[in-house]
Structures are given as structure tokens and as C-alpha cells.
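One structure is given here, and the rest of the page talks about it.
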Amino acid sequence: MQPVVRRRGARSLAVPRSLVRSPLAVGSVIVVAAWVALAAAAPAIAPYGPLAQDIADRLAPPGPAHWFGTDPLGRDILSRVLYGARLSIPVGIAAVALAVLLGTVIGSVAGAAGGVVDEAIMRLTDLMLAFPTVILAMIISAALGAGIRNAVIAIMVAWWPTYARFARGLVIGARDREYVEAARAVGASPMRVFLRHVLLNILSPIVILGTLDVGRAILTFASLSFLGLGPPPQIPEWGSEIAAGRDYLDQWWIATFPGLAILTLVVALNVVGDGLRDALDPRLRKA
Amino acid sequence: MNLQTYVGRRMLVLPAMILGITLLTFVLSHAVPSDPIAANLGDQAAADPAIVAAFKHRWGLDRPLPEQYLVYLRNLLHGDMGVSITTHQPVLTDLSQHLPATIELAMAAMLLSLLLGIPLGIFSAVRRDSMVDQIGRGVSLLGVSMPVFWLGLVALFVFYARLGWAPSAGQLSPRLALPPFVTGFVVVDALLAGQTGTATDALAHLALPALVLASSALGIITRMMRGSMLEVLGEDYVRTARAKGLAPRRITFRHAARNALLPVITVIGLSFGSLLSGAVVTETVFAWPGLGSYAFLSATSLDFPAIMGVGIVVATVYIVVNLLVDVAYAMVDPRIRMG
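Heads up: the protein sequence lines correspond to chains L and D, in order.
Number 162 in this note's numbering belongs to position 162 of the first sequence; there are no gaps in the numbering.
Each number in this note's numbering corresponds to the 1-based position in the second sequence with 1000 added.
Here it is in C-alpha cells:
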């Protein structure tokens, strides 16, 4: 009979192994990396400038001169799709980072303070979560006006409550752990206990949760731009490029390629995110 | 706690939540000094101080914010949400004209995502790693990753422009008149009026936008149903049922699926929010005369009374839907009430 041997370190190796085992996950990592590389290299590899117009060749179908065709203003769609990545990827990351930051601060205050402060903050998050993101973003845009910065603010305002609730739960969970009590017992100040012992320990699940949402943030930003609540039309952005194709159904290439750009990037980000979540933090495993 | 007490307690909180929603909407839309004047008056009118002052006075923009809120709240209690700056109609009238179309679209989409998502989730879990499961997982991944507005355009291009299977955008063919207003749902109203032709036409117009809008909720529900089903299939009582020699079909549906449905009920309420968000973009693609199109119009023209009305109505709908879902959950699962 074969003895059952449990190798040491098998658990720590589980992360890369579970990712490597699934071809979908490997493909997704490659797709995400490729998009980041394309975004970085866009000025060098784009065949045309994102604003360069060739009026004589407007609405040209995909062909050797313009692989993805041209838009109603004669701009090269491939170039605009490549430049669009330079906007969507950083905006998605920034929006989530800001929401995570705000949510973590407010949520840990609620969890650490308890009592009335906690109750008030939690009721506020209840209310905020009743507003669908796009509606909330529209209300904010109605106050602030359209623009990249305001779209980011809108996503931040709409999403911080989720992270706040998550952070609050983690703070409450960590508050009474032995190591926190030990730190208190040796005379660490409440501030030090909170920052060094509580906050530092809850940070990794929050950051993972945020990473999972980058794809969703890119999608939301594209929706907002599609609705005209994003950057001005001349700036290459996937959502607003799709909006430009709305009046040209027969010129299918105008909307198709920016849409495929969003789809491939967001699908890949979601697959990578799911894999990371399952591998790194079982607490976040949903289904 | 019995069911009545539970429902009663939840109902008591409702008015406070709605009050909170009005305050929040007000604060969000007024927090930053913006310029509805530039958006709503022409350049020439905006340069004339007298016209600007009259405009501000008419909309109460010249009073301090807390006072503006109280005025707004008092009017709201009288059913007055103000007059839209863009349509010049009372906001309440605008909302009651646009809300039914959105509810009709959202309900159709929710129905589709439940009818497709629940069976797909069940079969994905039962035949784990089979072809069906691959499809189920693909659907849930694509559903949550798909830009809805793009899917809508692709669907219009393929099914309307190329294949000619679907009618063009809009709620009804232009040659048909709207049926007499009863529920505001065109399909239902046409049936009530006995106009089967109109009802069929309305249904045909509803199909494509509803299917497109269903994509994200379908993804969420398939995924939840699959996960929940996998969990239940591993439970002891399912093994017991298998050991007793019950038919696999009976175990899947009577024993496992019924219990696996429970957590999915909560997700139905929560995904209603993403459905309403999706409705805004879907409506603009399909020229659907709902709340989304109205919100889009009012947000782009800084129409405060209108956008506040939309915010309040949408958030209230969301809260009420989730209350109903929680009550349904408490009815089927008594453990919730005990907590």
C-alpha cells in the first residue's frame, strides 16, 4: 500500500499551480498583460494618431490601410482603440483605488468606534446602496458636469459603501483577537494598535476585493462615457466610440471593435480575479 | 418573531429610508455649486442678470440649501416634485409616464434571466464539468463582463438590420396607436383592450431589449444557482436520499433544487439594482421611452428637479423590491425571522 505523503509547502504552491492548471486562467493573464502592454506602447505601435482625420477615407470598412476601418470623421479605429486602453485601464484602477481608500477609512472608523457612529455610518451605506451606480453617477454628473474626473468621482461615491461594510466587518473581527489584546496589554496606544495591528491585518482581503472590481469599474466607466457622462468626444474612449457607432448601424466596425476591446479585457480581468480570489482568500469565495 | 411582526418591523423602517433617500439625493445633486443656468438658458439670456435672477428665483436657487431642502420636502408631501427644467412638465407627471415602460422592461428581463438562469445553474451543477456546465459558466462570465449597450447595438445590427427578425427600436411600431392607459404596460394594456395585434407588436418590440438587459442578471443568477446547487448536492440529506435509492431526477428537483433556490432569492433583489442601471443604457440604445431615457435627458441638461425625482423613485423601487424579496425569503425560510 502506498503511504499517504503530504508534502510540505504544497499549500503555498497552490496559488500558481491552480492558475496554471486552467488554460482559461493562463489565457486571461496573457490577455490582461497584452492589454497593458498595448496601452503602454500605443503611441509607438498605433498606425495613425488618435485624432488624425482622413476625410476622404471616412467610414472606410476594415482593410489593409485601416485594419479596423475608420469612423465618421475618418479617424483610424484601430489607433483609437489602442489609445482608449491608455484611458480605461488607469481610470478603472483609480476609481476602485479611491473607493477602496474611502470605504476602508469610513468602514474602519465605524468598526473601531462602534455605538452611534457605527450605526449612523451603516444606515448611510444602506441608503447609498439603494441607488444603482449609473443613476447615482447621473445625479452626480448633473451636479458636477460630465468629464473623466467626475466619472471617477461618481464611481467612487457609488462604490465606497460596499468596501466600508466589508472593512467594518473585518475590523470588528480583528478587534478582539489575541494579538490585538496582547498589543494593548503591553501598552501600545489605541492609535498604534489600530494602525499597526488591526488595519494592517485586514488590508489584504480588502485589496483583493478591490482588484476583483477593476473589470467592473472599466465597464461602468465605459457605460458612463457611452451616455455622454465621460470625456469629451474627441478623446479616444471605448464607450464613447461605441456611442459614435450608434447612428451607423450598417458601418458595424465603428462600434464592434471598441466593444470587443472592452469585452476581452473585462472577461480576462474577471477570470483572473476569480482565480485569485479562490486561490488566495477562501473568505471571499462566493460561488 | 412571527411573520406579521417581521413584516411590520420592516415596514416601519420604510418611511425613514425614503426620507433618507430624499435627503441624500438632495445633498448629492446640490453638494457642489454647479451651473444649471448655463445648461438651460441660452448664452444671450445667461448674460442678462435680470433673466438669471428670475430663473433662480423661479426654481428657488437663490435660497439657502437647508431651506431649499425643506421646501422640496414639503412640496413632495403634497405630491409635488417640482417642474422639470427641460420638459416644463411637472416631474411627477413625467415620472408616471416613464416609470411603467421601465418596470415592464425590467420585469421582462428579470423573468427571462430567472427562466434561463435557474435551469442552467441546476444542470451546470448536476452535470459538473460537462458541456452544459461549460456553457453555464460561459454564460455567467460573459453576462457579468458584457457591456450591455454594446450588446444592444450588436443585437440591433444582427436581428434588425441584417436578419430582419426583430422590429426596429422603440416600444411600438409607428403605425400603431398606444392602447388606452390602464397599467401603463403596453403589452398588458393592449390585451385588456382586446387589441391582440398591438399586443403582439409590443411583445415583439420588448423581446430584444429585454433579452439584452437580462444578460447581466442572467450571469449573476446562473452563477449563484450553480454555486448554491453544488453546495446542497454535497449535503448529508442528499446523500441519504441517494442511499434510499430515490430517482436522481427526484433528488435533483425535490430535494436539492428547492433548497438551493433560497440564497438565489436574495440575489434576485440585489441584482434588480444592476438591472435598473442596465435599463438606463439599454433604453437609450433601444429608444425605449422609460425612466432611463428620461434620466439621461435630465442628467445631461442639469435638470435638478427631474434627476432628483428619478433618483428618489429608483431608490424607492429598489428598497421596496428588496423588502418584498426579504419577506418572501422569511416566508419560505423561518430561520430568518428568528434572528
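Heads up, the beta-carbon is just placed ideally off N, CA and C, and yes, glycines get one too.
Rounded separation between leucine 124 (chain L) and valine 157 (chain L) - CA only: 12 Å
What ranges does the alpha helix (DSSP H) occupy inside the segment 123-193 of chain L, keeping only unbroken runs of at least 4 residues that lie completely in it? 133-144, 148-175 and 178-185
Contact belief for isoleucine 202 (chain L) with alanine 164 (chain L) at Cβ below 8 Å, rounded distance in angstroms: About 12 Å; that fails the 8 Å criterion.
Secondary structure of aspartate 76 (chain L), DSSP reduced to three states: strand
Beta-carbon separation of leucine 59 (chain L) and phenylalanine 68 (chain L) under 8 Å? no
Under 9 Å, CB to CB, which of the residues in the segment 239-251 of chain L have a partner in chain D? Gly239, Ile242, Ala243, Gly245, Arg246, Leu249 and Asp250
What residues in its chain sit with their C-beta under 8 Å from that of tyrosine 1294 (chain D), if we drop five residues either side in the sequence? Asp1094, Leu1095, His1098, Ala1306 and Val1310
Shortest alpha-carbon distance to tryptophan 238 (chain L) belongs to which of L:Gly228, L:Ile106, L:Met128 and L:Ala222? L:Ala222
Let's test the definition: count the other Cβ atoms within 10 Å of the Cβ of glutamine 1089 (chain D) and tell me whether it reaches 16, buried, or not, exposed. exposed
Quick one: which chain L residues come within Cβ less than 8 Å of tyrosine 1318 (chain D)? Ala130, Phe131 and Pro132
Close Cβ partners of tyrosine 1237 (chain D) (< 8 Å) along its chain, the five nearest in sequence each way excluded: His1255
Thinking C-alpha only, which one of D:Leu1112, D:Val1264, D:Ile1319 and D:Gly1273 is nearest alanine 1016 (chain D)? D:Ile1319
Establish whether the CB of alanine 34 (chain L) and some CB of chain D are separated by less than 8 Å. no
Measure the Cβ-Cβ separation of serine 1145 (chain D) and glycine 215 (chain L) and say whether it is below 8 Å. yes
Within 8 Å of any Cβ in chain D, is that where the Cβ of serine 141 (chain L) sits? yes
Option in D:Asp1303, D:Trp1150 and D:Ala1214 with minimal Cα separation from phenylalanine 1272 (chain D): D:Ala1214
Would you kindly work out how many angstroms separate the C-alpha atoms of alanine 1330 (chain D) and asparagine 1002 (chain D), rounded to a whole number? 10 Å
Using 8 Å as the cut-off, can you tell me whether the segment 1100-1112 of chain D makes contact with the segment 1276-1285 of chain D, which would need three or more C-beta pairs spanning the two stretches below that distance? yes
Proximal residues, the segment 201-228 of chain L versus chain D, C-beta separation under 7 Å: Gly215, Leu219, Ala222, Ser223, Phe226, Leu227 and Gly228
Would you list the one or two residues that DSSP bridges to proline 1090 (chain D)? D:Val1083
May I ask you to list the residues that DSSP assigns as paired with threonine 70 (chain L)? L:Asp76
Out of curiosity, what's the CA-to-CA distance linking alanine 113 (chain L) and alanine 1210 (chain D)? 46 Å
For alanine 33 (chain L), I'd like the list of residues in its chain whose CB is within less than 8 Å of its CB, leaving aside the five on either flank, ordered along the chain. none
So with Cβ pairs under 8 Å, would you call glycine 259 (chain L) a contact of chain C? As a matter of chain content, chain C is missing from the structure shown, whose protein chains are L and D.
Cβ separation of alanine 217 (chain L) and alanine 85 (chain L), assumed to be a contact under 8 Å, to the nearest whole Å: With a Cβ gap of about 14 Å, alanine 217 (chain L) and alanine 85 (chain L) do not count as contacting.
Sorry if obvious, but does the Cβ on aspartate 213 (chain L) come closer than 7 Å to a heavy atom of the ligand MG? What this structure holds is no ligand at all, so the ligand MG is not there to describe.
Is there a Cβ from chain L that is less than 8 Å from the Cβ of valine 1126 (chain D)? no
Alanine 182 (chain L) to valine 116 (chain L), Cα distance in whole Å? 27 Å
Partner residues on chain L for alanine 1161 (chain D), Cβ-Cβ distance less than 9 Å: Leu249, Asp250 and Trp252
Can you pull the chain D residues whose beta carbon is under 9 Å from the beta carbon of methionine 191 (chain L), in chain order? Simply none; closest approach about 30 Å.
Distance, Cα to Cα, valine 1327 (chain D) vs glycine 1227 (chain D)? 23 Å
Do you know offhand how far valine 1013 (chain D)'s Cα is from glutamine 53 (chain L)'s? 58 Å
Using a Cβ cut-off of 9 Å, pull out every chain L residue sitting near methionine 1017 (chain D), in sequence order please. Arg123, Asp126, Leu127 and Ala130
Quick one: which unbroken beta strand (DSSP E) runs of 3-plus residues sit fully inside the segment 1176-1214 of chain D? Chain order, please. none
Contact criterion: CB-CB distance below 8 Å. Does proline 1147 (chain D) meet it with respect to chain L? yes
Can you name the start and end residues of the alpha helix (DSSP H) that proline 23 (chain L) belongs to? 23-45
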